[in-house]
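Structure first, commentary second.
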Amino acid sequence: MEWLQQLVNGISIGSIYALIALGYTMVYGIIKLINFAHGDVFMIGAFIGFWSISHWNLGFFSALLLSMIVCALIGVIIERVAYKRLRNATRIAALITAIGVSLLIEYTMIFFRGAQSAVYPSTIENRAIDVFGAQISSLSLLILGVSVALMLLLQFIVHKTKIGKAMRAVSHDAEAAKLMGINVDNTISATFAIGSALAGAAGVIFGVYYTKIDPLMGMIPGIKAFIAAVLGGIGSIPGAMVGGMLLGVVETFVSAMGFSSWRDAAAFLILIVILIFKPSGLFGKNTREKV
Amino acid sequence: MKKSKAFWAYLLIGIIIYAIVQFAMSSGMIGSYYSNMLITMCINVMLAVSLHIIIGITGQFSIGHAGFMAVGAYVSAIFTMKLELPFIAAIVAAGIIALLAGLLIGIPTLRLKGDYLAIATLGFAEIIRIVILNVDYVGGAAGMTVMRETTWSYAFFAMLLTIIVISNYTKSRHGRACIAIREDEIAADAMGINTTYYKVVAFGIGAFFAGIAGAIFAHNFYIIQPGTFGFLKSFDILIYVVLGGLGSLSGSVLAAVLLTAVSTYLAEFPETRMIIYSLVLILVMLYRPTGLLGTKEITDIFKFGKKGGKNV
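Chains Z and F, in that order, give the protein sequences. Residue numbers for the first sequence follow this note's numbering, so the first one is 1 and each next one is one higher. Residue numbers for the second sequence follow this note's numbering, so the first one is 292 and each next one is one higher.
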């Protein structure tokens, strides 16, 4: 039953990737920008969770909520200050700015608190639950539960609320949406807020699961979440969820087979294979280029 | 004829600069601190110019340039330390293997465009780094000790060669084809330019010189480690090209020289350096997205007065 245990571990790590990937995919869907700074919003979320649990004695769920609110604000600030001017700029200019914002957040954090890592306090008791002979940790199940709940909430927002409808309209055709009386600027800000809140939640969950956080932790999970978004088809919300979970499972199995130092290479290999053979991803729509 | 005269004049200026610095070094006027800085400048100029041909001239956005540098560094280290061959052979081998790596990576990925290409090159650079990290023959994460063989002469002439080849390539028929691809790939294709071929060639040339820069870099310090060639190194090279002006060779050279000097002075405060770098990058992109010089060259500014505004 070893494999069942690995599968559950893989899915719970994958759900962290999926939560980050959702922010990437939503932002890309709406303004066609790879928001490199997204991984650093995730890092800030992890630190806010850490401070609220260890210094302000909050519980897990209130820390999660606080971190989501602060990250949503930070996401909106980043969008308003850096990306708003770049709506009509070239793709390369936007991408370089995003890289710049990402490094600025990382090194400002290091400047103020140092590069040393912090250890998350244990808030939740971790027990092993016996399921069909497999030892599954309760922490994995909690992570999975929280992630799935957040994803369901996101599905509800996107498909059942007015702002969700506006988001879908803007990502479909921003010009036409504007003509229909949708406030495009506010809709884009809302997208950043929701995406960043999910990244903040992912940060707290990551901290509780791995217990070690540092200012540069956002880089690798950020890039992997992007891989997950591409794997699922960038711009597609269910794609990001499935892509994230799939990537987590693949990574866990690569590690379990004894190639843990090759784990990151496997993720990049998936990215390149997907980009070359099916750039639209698993759930993406094929678009033909028009002159 | 006029063009070739200008070429010989610049070459002469280059050699005079070399001779002055060489004299100052051998007579002890420049201490080891500054001579190290000058060698680092040469390496960074090579890296900047070799990325300039990919991003600035051909318009292919690659953010994995440190990967080719890593290939060059490790290949040259294997040649001098394991096979005990002379340094010059190691430099040539580093360039050729990096060129092959560039072709291997370029042929599949250059079908991608814009953001996707950027991410794919980043992915390949990371794969190169992870492979090096896992090969015990070259020391894994601990790194590999390398003899110090780089001198000012090696660094300077390698840099001069890079600049000459790339500036002449840019002015040739092939270079104009590359610029056409940068401006509008579909239109270039319609004009009968084999876009894939020229993109791959530019990528190969860029990788070749990045590999040579890697070889010079490896023999300048006593140790090379895979961690040195991570994403941050690629980012350092990228900022030279972007800040100098996408499409301006002299701009990349100037940015590489200036930023190397700045980062040498800020070596004790790496966080401050990165904060300044990233702020500069954001501000340049927001207020002057073409970089400081745009697609102009410094030499254009001098010509401007003579030809009465006819700058093409």
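Even for Gly, the Cβ is constructed at its ideal location relative to N, Cα and C. Fair warning: this is a prediction, and the values are worked out from it, not measured in the lab.
Spell out whether any CB of chain F is found under 8 Å from the CB atom of residue 279 of chain Z.
yes
On the DSSP bridge list, what partners appear for residue 137 of chain Z?
Z/128
Inter-residue CB distance, residue 181 of chain Z and residue 239 of chain Z (contact presumed, cutoff 8 Å):
Not confirmed; about 30 Å, so no contact.
Establish whether the CB of residue 562 of chain F and some CB of chain Z are separated by less than 8 Å.
yes
Examine the Cβ distances between the region 378-397 of chain F and the region 476-486 of chain F and report whether three or more of them are shorter than 8 Å.
no
Can you give the Cα-Cα distance for residue 305 of chain F and residue 173 of chain Z, rounded to whole angstroms?
54 Å
Could you please give me the residues that DSSP links to residue 348 of chain F through a beta bridge?
Per DSSP, none; premise fails for residue 348 of chain F.
Cα-Cα separation between residue 63 of chain Z and residue 93 of chain Z, rounded to whole angstroms
36 Å
Just the C-alpha distance for residue 26 of chain Z and residue 384 of chain F, rounded to the nearest angstrom, thanks.
46 Å
By the 10 Å Cβ neighbour count, where 16 or more other Cβ atoms means buried, how is residue 116 of chain Z classified, buried or exposed?
exposed
From what residue to what residue does the alpha helix (DSSP H) around residue 405 of chain F run?
405-425
Could you tell me whether the Cβ atoms of residue 45 of chain Z and residue 201 of chain Z are closer together than 8 Å?
yes
Mind listing the chain Z neighbours of residue 565 of chain F? Cutoff is C-beta to C-beta under 7 Å, in chain order.
103 and 107
When the distance is taken between beta carbons, is residue 38 of chain Z closer than 8 Å to residue 16 of chain Z?
no
Residues of the region 393-414 of chain F with a CB closer than 8 Å to any CB of chain C: list them in chain order, please.
Among the chains of the structure shown, chain C does not appear; the protein chains present are Z and F.
Measuring straight from C-alpha to C-alpha, what distance separates residue 602 of chain F and residue 114 of chain Z?
Confidence at residue 602 of chain F is low in this model, with a pLDDT of 39, below 50, so the placement of that residue is unreliable and no value is reported for it.
Over what stretch of residues does the alpha helix (DSSP H) that includes residue 453 of chain F continue unbroken?
443-462
Are any of the Cβ atoms in chain F nearer than 8 Å to that of residue 110 of chain Z?
yes
At a cut of 8 Å, does the region 455-473 of chain F reach the region 491-507 of chain F through at least three beta carbon pairs?
yes
Quick check: is the beta carbon of residue 264 of chain Z nearer than 8 Å to any beta carbon in chain F?
yes
Would residue 532 of chain F and residue 394 of chain F qualify as a contact pair, given that the criterion is a beta-carbon distance under 8 Å?
no
Please work out which residues of its chain come closer than 6 Å, Cβ to Cβ, to residue 453 of chain F, disregarding the five sequence neighbours upstream and downstream, and give them in chain order.
337, 340 and 500
Closer than 8 Å, CB to CB, is residue 93 of chain Z near chain F or not?
yes
For residue 228 of chain Z, does the three-state DSSP call read helix, strand or coil?
helix
Roughly how many whole angstroms lie between the Cα atoms of residue 211 of chain Z and residue 52 of chain Z?
15 Å
Under the three-state DSSP convention, the category residue 435 of chain F falls into:
strand
Beta carbon proximity, residue 520 of chain F to chain Z, threshold 8 Å
no
Between residue 569 of chain F and chain Z, is the shortest Cβ-Cβ distance under 8 Å, so that the two count as touching?
yes
At a Cβ threshold of 8 Å, is residue 417 of chain F touching chain Z?
yes
Since residue 638 of chain F sits in a beta bridge, which residues does DSSP pair it with?
The structure shown does not extend to residue 638 of chain F, since chain F spans only 292 to 603, so no value can be given for it.
If you run the structure through DSSP and keep just helix, strand and coil, what is residue 389 of chain F?
helix
Please name the residue in Z/228, Z/31, Z/65 and Z/226 whose C-alpha comes closest to that of residue 190 of chain Z.
Z/31
Spell out whether any CB of chain F is found under 8 Å from the CB atom of residue 90 of chain Z.
yes
Span of the alpha helix (DSSP H), counted from its first residue to its last, around residue 87 of chain Z
That residue, residue 87 of chain Z, is in no alpha helix (DSSP H); it is neither H nor E in DSSP.
How would you write the range of the alpha helix (DSSP H) that residue 214 of chain Z sits in, first residue to last?
Taken as a continuous stretch (DSSP letters only), residue 214 of chain Z belongs to no alpha helix (DSSP H), as it is neither H nor E.
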